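Peer 1: The numbers in numbering that gives the first Met the number 0 rise by one with no breaks, and the one at position 344 of the sequence shown is 343. Built from N, CA and C at the ideal position, the CB exists for glycine as well. Since we're looking at a predicted model, the values are computed, not measured.
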Amino acid sequence: MADLNVPPRRPRDDSGWDGYQHPHPDGYRDPHAPHPGAHPAQGPQWVGPNGFAPAAPAPAGYPQSGYGQPSGGYGPPPGGGLPDLDDDGDEAPKRGRRRALATLGGAVVVAGGAALAMSPQVRGLFSDAPAGDATGTVTTDGNAARPSGQQPSTVRTYTEQNESYMGSRAGEALKRNAPSGGRLYGSPAAAAEATKVTVKTVLAKDPIRHLATRTTFAATPKVMADIKRLGIDDWLRQQLEPEKIAPTKAELKLAELQSLKLSPTQLRDQREQLNEKGVDPARETVDATIARQIWSDRQLFEVMVDFWNDFLHVAADFDGGENYRNAFDRDVIRKHALGSYPEMLVAANKHPALLLYLNQVDSRKDAVNENLARENLELYSVGVDGGYTEKDVRQAALLQTGRGVADGKYKFFAERHYLGKVKILGFSHANNSDDPVAADKVIDSYIRYIAMHPSTARYVAQNLATRFVSDTPPKSVVDRLAKAYTTNKGQIRPVLATLFSSSEFWAAIGQKVRRPMEYLVATYRVLGVSPEAAPGFTGDNRRTPFAQGLRQIQDKMRELGQYPMGKPTPDGYADVYLAWTSAGTMIDGWNEAGDLIGGWRKQFTFVKPEKLVAKPPATAGAYVDALAQRLVQQKLSAKEKKLVLAVAGVAESAKVDATFNGAIAAVARTILASPSTTSGEAFDGDDREPVPPAPRVPRPAAAGRQPGRGAAARGGGHRRGRERGRDRPVPPAGGDRGGAAGRPGCHPAYLRRRRRRDRDRARDGAVRHHLGVVRRDQDRHADPRLPLRRAGRAEPCRTGRRPGARQGAPRPAAR
Numbered sequence: 000m001a002d003l004n005v006p007p008r009r010p011r012d013d014s015g016w017d018g019y020q021h022p023h024p025d026g027y028r029d030p031h032a033p034h035p036g037a038h039p040a041q042g043p044q045w046v047g048p049n050g051f052a053p054a055a056p057a058p059a060g061y062p063q064s065g066y067g068q069p070s071g072g073y074g075p076p077p078g079g080g081l082p083d084l085d086d087d088g089d090e091a092p093k094r095g096r097r098r099a100l101a102t103l104g105g106a107v108v109v110a111g112g113a114a115l116a117m118s119p120q121v122r123g124l125f126s127d128a129p130a131g132d133a134t135g136t137v138t139t140d141g142n143a144a145r146p147s148g149q150q151p152s153t154v155r156t157y158t159e160q161n162e163s164y165m166g167s168r169a170g171e172a173l174k175r176n177a178p179s180g181g182r183l184y185g186s187p188a189a190a191a192e193a194t195k196v197t198v199k200t201v202l203a204k205d206p207i208r209h210l211a212t213r214t215t216f217a218a219t220p221k222v223m224a225d226i227k228r229l230g231i232d233d234w235l236r237q238q239l240e241p242e243k244i245a246p247t248k249a250e251l252k253l254a255e256l257q258s259l260k261l262s263p264t265q266l267r268d269q270r271e272q273l274n275e276k277g278v279d280p281a282r283e284t285v286d287a288t289i290a291r292q293i294w295s296d297r298q299l300f301e302v303m304v305d306f307w308n309d310f311l312h313v314a315a316d317f318d319g320g321e322n323y324r325n326a327f328d329r330d331v332i333r334k335h336a337l338g339s340y341p342e343m344l345v346a347a348n349k350h351p352a353l354l355l356y357l358n359q360v361d362s363r364k365d366a367v368n369e370n371l372a373r374e375n376l377e378l379y380s381v382g383v384d385g386g387y388t389e390k391d392v393r394q395a396a397l398l399q400t401g402r403g404v405a406d407g408k409y410k411f412f413a414e415r416h417y418l419g420k421v422k423i424l425g426f427s428h429a430n431n432s433d434d435p436v437a438a439d440k441v442i443d444s445y446i447r448y449i450a451m452h453p454s455t456a457r458y459v460a461q462n463l464a465t466r467f468v469s470d471t472p473p474k475s476v477v478d479r480l481a482k483a484y485t486t487n488k489g490q491i492r493p494v495l496a497t498l499f500s501s502s503e504f505w506a507a508i509g510q511k512v513r514r515p516m517e518y519l520v521a522t523y524r525v526l527g528v529s530p531e532a533a534p535g536f537t538g539d540n541r542r543t544p545f546a547q548g549l550r551q552i553q554d555k556m557r558e559l560g561q562y563p564m565g566k567p568t569p570d571g572y573a574d575v576y577l578a579w580t581s582a583g584t585m586i587d588g589w590n591e592a593g594d595l596i597g598g599w600r601k602q603f604t605f606v607k608p609e610k611l612v613a614k615p616p617a618t619a620g621a622y623v624d625a626l627a628q629r630l631v632q633q634k635l636s637a638k639e640k641k642l643v644l645a646v647a648g649v650a651e652s653a654k655v656d657a658t659f660n661g662a663i664a665a666v667a668r669t670i671l672a673s674p675s676t677t678s679g680e681a682f683d684g685d686d687r688e689p690v691p692p693a694p695r696v697p698r699p700a701a702a703g704r705q706p707g708r709g710a711a712a713r714g715g716g717h718r719r720g721r722e723r724g725r726d727r728p729v730p731p732a733g734g735d736r737g738g739a740a741g742r743p744g745c746h747p748a749y750l751r752r753r754r755r756r757d758r759d760r761a762r763d764g765a766v767r768h769h770l771g772v773v774r775r776d777q778d779r780h781a782d783p784r785l786p787l788r789r790a791g792r793a794e795p796c797r798t799g800r801r802p803g804a805r806q807g808a809p810r811p812a813a814r
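#1: Please classify His-444 as buried or exposed, where buried requires at least 16 other C-beta atoms within 10 Å of its C-beta.
#2: Among Arg-524, Leu-498, Ala-582, Trp-589, which residue has its Cα nearest to the Cα of Ala-189?
#3: To the nearest whole angstrom, what separates the beta carbons of Thr-543 and Glu-255, a pair I think is in contact under 8 Å?
#4: How many angstroms separate the CA atom of Lys-174 from the CA atom of Lys-511?
#5: Within the continuous beta strand (DSSP E) that includes Ser-444, where are the two ends?
#6: Evaluate the contact criterion for the segment 289–300 versus the segment 371–386: three or more CB pairs, one atom per stretch, below 8 Å.
#7: Among the candidates Tyr-184, Asp-309, Gln-602, whose CA atom is the shortest distance from the CA of Val-459?
#8: In angstroms with no decimal places, state the Cα-to-Cα distance between Arg-363 and Asn-487.
#9: List the whole-angstrom C-beta distance separating Leu-371 from Leu-357, where the pair is believed to meet the contact cut-off of C-beta under 8 Å.
#10: Between which two residues does the alpha helix (DSSP H) containing Arg-392 stretch?
#11: Would Ser-70 be called buried (16 or more neighbouring beta carbons within 10 Å of its own) or exposed?
#12: Could you check the C-alpha separation between Pro-841 and Pro-473 for me, to the nearest Å?
#13: Considering His-209, what are the terminal residues of the alpha helix (DSSP H) in which it resides?
#14: For Tyr-409, which beta-bridge partners are listed by DSSP?
#15: Going by the CB atoms, is the gap between Ala-347 and Val-367 shorter than 8 Å?
#16: Evaluate contact between the segment 620–637 and the segment 562–569, counting only Cβ atoms and requiring at least three cross-stretch pairs below 8 Å.
#17: Roughly how many angstroms lie between the CA atoms of Tyr-523 and His-350, to the nearest whole one?
#18: Hey, Thr-247 and Asp-296 are a contact pair by Cβ (cut 8 Å); roughly how many whole angstroms apart?
#19: Give the range of the alpha helix (DSSP H) segment to which Lys-174 is assigned.
#20: Could you tell me how far apart the beta carbons of Tyr-484 and Gly-588 are, in whole angstroms, since I believe they sit closer than 8 Å?
#21: Are Ala-521 and Ala-217 touching if we call contact CB-CB under 8 Å?
#22: Is the segment 652–666 touching the segment 571–587 in the sense that three or more CB pairs, one from each, lie closer than 8 Å?
#23: Per DSSP, which residues does Gln-490 bridge with? Please list them.
#24: Would you say Arg-267 and Gly-166 are within 8 Å of each other, going by their C-beta atoms?
#25: If you measure between the beta carbons of Trp-505 and Ala-249, is that distance less than 8 Å?
#26: Taking the beta carbon of Glu-159 as the centre, do at least 16 other beta carbons fall within 10 Å, making it buried, or is it exposed?
#27: Looking at the structure shown, is Lys-641 part of a helix, part of a strand, or coil, going by DSSP?
#28: For Ile-853 and Met-223, which I take to be in contact (beta-carbon distance under 8 Å), what is that distance rounded to the nearest angstrom?
#29: Taking 8 Å as the threshold (C-beta atoms), are Tyr-184 and Ser-502 in contact?
#30: Can you tell me whether Arg-541 is buried or exposed, with buried defined as 16 or more other CB within 10 angstroms of its CB?
#31: Return the chain-ordered list of same chain residues with a C-beta closer than 6 Å to the C-beta of Gly-320, the five sequence neighbours on each side being excluded.
#32: With a CB to CB cut of under 7 Å and the five nearest residues on each side skipped, what residues in its chain are close to Val-606?
#33: How many angstroms separate the CA atom of Leu-355 from the CA atom of Val-468?
#34: Do Ile-663 and Leu-630 come within 8 Å of each other at the CB atom, strictly closer than that value?
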């Protein structure tokens, strides 16, 4: 990524949209406004995302006073590209052409001069016509860390994101259990029927369940029934034509999010009114995406939207996101999600959101910002291993100058555009037209060229295979998808058809693990949560219950470390399991599942846990089977069932009622924490056993910790951050600070000690759970909300508030 390429990010809350950070009417600093004391740029200047370098003494001949630069830098000064050295200049000291030539000639001699003498700047002095040639070596090309003539893949100063995780020993272990190869069949159904699953997995080797899990955000009973009714081929054909699928009730309710229907100009003009209503346009864009992921019937389309939001990533939280991020989602990502990627990339490079996000509005021929040019190559097309060099980045940055934003819309500024020959990865053009339309078309031609480059075909294929097949996809399927991409000129539907007709896709059962956002969305889907508010819930006067509920989901996702369009840097979220191995995140997800089972979010309507199964069986073992089939679309193994029954404390043949004798919430939550729900392969063999989730425990707050605990969310390694508390002597029960006399589970000191112990055990157990290690202390109580005891049944406190319980909430029955 470009150096220092983290766009500005501001803290947000539910108080509304707090307006712009810059005085420019478009919501960002005007990069071309004159500044007091500014002087004309002397030749091309490479600048970072914060503008020019820090202030320095003024050059000889310029006023020394008032020359200081703001700490954040200032925009490029007005005027043409190369400095005007004619004798009739009034604003700078008079320097004739001969004097300039003599000065530069002396510099050439001192420097030993051939490169500088033949540079575009010097050649431009001999003619009034704009001329240039960026293909030669220039003094600003490359540096010690990134030599201009070498590829990043050979210098290896940085790596592709997913590769950086999978290059570990854990990644090598996952590769050993991945499909090694395959072939293409005539249709997805034929591939599903002919493919034999050979990988070790605890998941059911059911092709319908596998298809539903990979192409939707959760395999619900409705999705499974639709695939069985239509058949694999017809269901996929329907999903690949989302415009023919009717919107759901929740999608129609998105009209309650007021900013979605407004244009960038309207958002700017109505800022004050929206702020008074508590409307944050950028966050409402995220809210709408979450709603569609949970409730839309266009599930494959939404999965692809999420894929492109990570691949062609523009964060929601950046200065300018309030005005432009929703338009980028609508006009770029969603418009082309199943269409042409070259057209998507062209549209993105003309959209104000991307131009602002990567500082292209700051780039002009005499002050070039290379952020967008670099990311176009490294992240959005050929990839870090695609064959480009630093020289290609510099020439691409020169070619893309002139693109900017005016009055909330894209505009090409011909006076800021570099003219001269360029050559980038085999793309060569004279780039010498003064016509703005023609010059803009040259840039479009370059964007289409890199979008159809063979390295781009492979990079897109690699990322698609990583999303749909495995964290370590076989080379055979990547090559096949790359060929389909090239043959179909970047059209995505044929590439997906090739993917689903490949045996590698159907052989990869259990090869992906849900990321935190995906787990939370899947939980809402499988529990059958409805977008209508619970009876009696009114909310506030500023937002509807639906809008409030979506915001709460988004806030929870932020705590988990992943939400749509959430990563501040332009590389998007990692798409491999090793990036998200965090015990704290898993426990938070399990706790949220417990809240949803209990129906705590009153902005929505929940199915009561005892009604998840229409006709619950009378015995505990059969009830677990029926509940697992309802929630995860498969029966649990004998070992998994035994552990689930241990949570409830009943035998398989025990008689139970619809509430599982009061333990239905704990049983459902345990099933939702199983590998069958995370859709992952957590084991290397059948001799390993999964474990039930630890009871709900409050997560301790750690000073300075980021909301997300996964390595991908933090940008660093895993930090346990837990207390190593040791058992303290328990004070006598029933004192002034205690609860009910004689009940040690109520004394504050007892509860603190037990919470420390349970927190440690929960986190250790979560880590061992994903390593496939059997946990020995299976003395967990059936209800995850009650204080725990070593043996027997815990009795709830009769006074005060129980740990982990919500104020005013009805107390669950004790078991």
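Peer 2: By the coordinates alone:
#1: Note on identity: in this sequence residue 444 is Ser, with His being the wrong assignment. Classification of Ser-444: exposed, given that the 10 Å Cβ count is below 16.
#2: Leu-498
#3: 5 Å
#4: 12 Å
#5: Element bounds for Ser-444: not the beta strand (DSSP E) but the alpha helix (DSSP H), 435–450.
#6: no
#7: Asp-309
#8: 35 Å
#9: 4 Å
#10: Checking the sequence shown, residue 392 turns out to be Val, not Arg. Here the alpha helix (DSSP H) through Val-392 covers 389–398.
#11: Because the pLDDT at Ser-70 is just 35, under 50, the model does not fix this residue reliably, and the point stays unresolved.
#12: As displayed, the chain neither begins before 0 nor continues past 814, which places residue 841 out of reach and without an answer.
#13: 206–214
#14: Val-404
#15: no
#16: no
#17: 34 Å
#18: 6 Å
#19: 168–174
#20: About 35 Å; that fails the 8 Å criterion.
#21: yes
#22: no
#23: Ser-339
#24: no
#25: no
#26: buried
#27: helix
#28: Within the shown structure, residues of the chain are numbered from 0 to 814, placing residue 853 beyond reach of any answer.
#29: yes
#30: exposed
#31: Ala-281
#32: Leu-526, Gly-527
#33: 34 Å
#34: no
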